[in-house]
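Numbers 857 to 1197, taken from our numbering, label the letters of the sequence shown in order.
Just so you know, even glycine gets a beta-carbon here, dropped at the ideal spot from N, CA and C.
Down below is the structure, laid out as C-alpha cells.
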Amino acid sequence: MALARIHSIRSLIGCHKFSLLHRCYSQQNTVNLSDPAIQTYLKHLMLEHDDLHSKLRKSMDETRRLLEIKPIVNVLDQRISLYDSIESLKELIKKDGDGEMQKMIKEEAQIYLKRMKEIDNDLLSILLEPQLSEGGVLVEVTAGAGGLEAMLFARQLFELYESHASYKGWQVDIASLERSDMGGLRKASMLLSGYGVPELMRMEAGVHRVQRIPTTEKGGRIHTSTVSVAVLPQPTEVELEIPERDVVIETKRASGAGGQHVNTTDSAVRLVHTPTGTMVECQEGRSQIKNKEIAFQKLRTLLLEKQIEEQSSKINSERKSQVGSGNRNEKIRTYNYPQDR
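Okay, here's the thing in C-alpha cells:
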C-alpha cells in the first residue's frame, strides 16, 4: 500500500495540476510530509517557482502557474525558517549546561514545534484544496424582503464582495449601482475576474438573511431582511462574439454622484442588442471607453445566459434556484447580529 502511494505521488512530479493529488488523497491524515516522494515533489515546486519568478518576461500560462504555486512556496519558506530555528535551539541545548537556560530553550522549542504543526496543517490544506481556475463572473446583488433595511444590507454585502475581491487581487469592474435614498442599494452588479473567481464566488449564490436591529428602528426590535445574490459565468470574447452591426451604442451624460465631471462629459454608455432587445447601461466610471468595455462584457454575459437558457431548460432555472423570490425562508446564510453569529 505504501509503495503504491509513493508511486502515485511520484507520478505527480512535474505535473502542473493539483487535482490529481487531491483525488489520490482526500484526507490530510493520509499524506505524510516526511514521505520522500512528497519531499521530492515539494522541492520540485520550489525550483519551478524560483525559475518562473526569475523570468523577466512571462507568458500568460507561466504567470497563472506562478500564482498557482506561490501559496505553497510561501508556506514552505515559513516551514524552512522555523526548522532552522528549531535546529539552532537544539545546538544551544547541547552547548549550554545551565539548568534555567535549558528550561527556557525547551519552552521556546515547544512553541516552535506547535507552530510547525500548524504550518504543516496549512500546507496539507493547500495541497489538497480543490483545483481553481482563471475566469470571471457577473455578481448581481438585489435587496429582497425588508425594505430599507434590506437595501442597507445589500450595500454592505456588495461592498464586502468588492473588498474581498481587491484583497484577493482580482480585477473588479462595477457594472451598475441602483442606490436608495437612505444610502443603501436596491440592485447592483460587478464583474470579477481572476484566479479562483468562478469556484470561490459560486458558493455565494443564493439568498442571504440578516437578523439585527436596524438603525431606523426606535423600539429596539430585531428585524429579518434578505438579499439575493446571483453569480453568472462571464464569457470571453472568443466564447461569444457580438457583431458590431447588431449593437446600437448610445452615449449620454451620467447622472447621480460624481461632481462636475458627471455633467460635463458624455461618459455614460447604453448598449442595445437589436436581435434580442437586450439593453445594458454603465455610467459608474469617469471614462466613456472603460464604461463601454464594461457594458459590452455585461452584454456578453447576459447573451450567453440567454443562449444557455435556450439550449437547456435546466440552466433556465439556474438564476431562480440561486436567488429564489428573496423571501425570508429562502436562505443559504444567516447573519445574526444580536447573537454574533
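Original post:
Any idea what DSSP makes of T1190, helix, strand or coil?
Top reply: Residue state, collapsed to three classes: strand.
**OP:** Consult DSSP for P1070 and reduce its assignment to one of helix, strand or coil.
**Re:** When secondary structure is reduced to three states using DSSP, P1070 falls in the coil class, being assigned neither helix nor strand.
Original post:
Given D1122, which residues of its chain have a CB within under 8 Å of its CB, disregarding the five upstream and five downstream residues?
Top reply: Shown here for D1122: same chain residues with a beta carbon closer than 8 Å to its own, the five before and five after excluded, namely T1107, K1108, R1109, Q1144 in chain order.
Subject >> Separation of H900 from Q1163, as counted between CA atoms >> reply: Spanning the two alpha carbons is a distance of roughly 44 Å.
**OP:** Rank L922, F1014, S915 by C-alpha distance to the C-alpha of A1086 and give the top, closest one.
**Re:** Of the candidates L922, F1014, S915, the one whose C-alpha sits nearest the C-alpha of A1086 is F1014.
Original post:
Per DSSP, L994 forms a beta bridge with which residues?
Top reply: For L994, which the question treats as bridged, DSSP gives the partners L1047, L1088.
**OP:** Determine the direct distance from the alpha carbon of M1057 to that of L1041, and round the result to whole angstroms.
**Re:** When only Cα atoms are considered, L1041 and M1057 end up about 20 Å apart.
Original post:
Can you give the Cα-Cα distance for L983 and I961, rounded to whole angstroms?
Top reply: About 33 Å.
**OP:** Classify P1070 as buried or exposed, calling it buried when 16 or more other Cβ atoms lie within 10 Å of its own Cβ.
**Re:** Flag for P1070 reads buried.
Original post:
Buried or exposed: M916, going by 16 or more other Cβ atoms within 10 Å of its Cβ?
Top reply: M916 comes out exposed.
**OP:** Answer with buried or exposed for K1148, where buried requires no fewer than 16 other C-beta atoms within 10 angstroms of its C-beta.
**Re:** When all chains shown are included, K1148 counts as buried.
Original post:
Is N1172 helix, strand or coil when you go by DSSP?
Top reply: Caution applies to N1172, whose pLDDT of 44 falls short of 50 and renders its modelled position unreliable; the model cannot decide the point.
Original post:
Hey, how far is the Cα of V1125 from the Cα of L889?
Top reply: Distance between V1125 and L889, taken at the CA atoms: about 55 Å.
Subject >> Per-residue burial, V1104 [other beta carbons within 10 Å of its own, 16 or more giving buried] >> reply: Flag for V1104 reads exposed.
Subject >> Option in E1055, G1062, T1082 with minimal Cα separation from R1068 >> reply: With respect to the C-alpha of R1068, the residue from E1055, G1062, T1082 having the closest C-alpha is T1082.
Original post:
What is the DSSP secondary structure of T896, counted as helix, strand or coil?
Top reply: T896 falls in the helix class under three-state DSSP.
Subject >> Proximity to T1132 [Cα-Cα], best of M902, K951, G1141, L1155 >> reply: Comparing Cα positions, the closest option is L1155.
Original post:
Looking only at its own chain, which residues have a Cβ that is under 6 Å from the Cβ of L908, when we skip the five neighbours before and after it?
Top reply: Around L908: E918, L922.
Subject >> 4 or more residues per run - each alpha helix (DSSP H) lying fully within the segment 998 to 1045 >> reply: Runs found: 1004 to 1024.
Original post:
What three-state label does DSSP hand S915 in the structure shown?
Top reply: Three-state result, S915: coil.
Subject >> Buried/exposed call for T1157, threshold 16 Cβ in 10 Å >> reply: Looking at its Cβ environment, which holds 16 or more other Cβ atoms inside 10 Å, T1157 is buried.
Original post:
Could you give the distance in angstroms between the alpha-carbon of L938 and the alpha-carbon of N930?
Top reply: If I take the Cα positions, the gap works out to 13 Å.
Original post:
Residues in its own chain within less than 6 Å of D1029 by CB, not counting five upstream and five downstream?
Top reply: Contacts found: L1047, I1150.
**OP:** Whole angstroms is fine: what's the gap from E1060's alpha carbon to V1053's?
**Re:** Cα to Cα, E1060 sits roughly 11 Å from V1053.
Subject >> Alpha-carbon to alpha-carbon, T1080 and G992 >> reply: Just so you know, the alpha carbons of G992 and T1080 end up roughly 32 Å apart.
Original post:
Between R1035 and T896, what straight-line distance do the alpha-carbon atoms span, to the nearest angstrom?
Top reply: Spanning the two alpha carbons is a distance of roughly 55 Å.
Original post:
Near F1009, which residues of its chain fall below 6 Å by C-beta distance, leaving aside the five closest residues on each side in sequence?
Top reply: V1066, S1081, V1083.
Original post:
Under the three-state reduction of DSSP, which class applies to S989: helix, strand or coil?
Top reply: Coil at S989, not helix or strand.
Subject >> Bounding residues of the beta strand (DSSP E) (the contiguous stretch that carries I1105) >> reply: Judged by DSSP secondary structure, I1105 falls within the beta strand (DSSP E) whose first and last residues are 1103 to 1108.
**OP:** Note the first and the last residue of the continuous beta strand (DSSP E) segment covering L979.
**Re:** Here L979 belongs to no beta strand (DSSP E); instead the alpha helix (DSSP H) covers 955 to 984.
Original post:
How would you call M857, buried or exposed, if buried means at least 16 neighbouring beta carbons within 10 angstroms?
Top reply: Since pLDDT at M857 reaches only 33, below the 50 mark, its modelled position is unreliable, and the value read off the structure follows with that caveat. Label assigned to M857: exposed.
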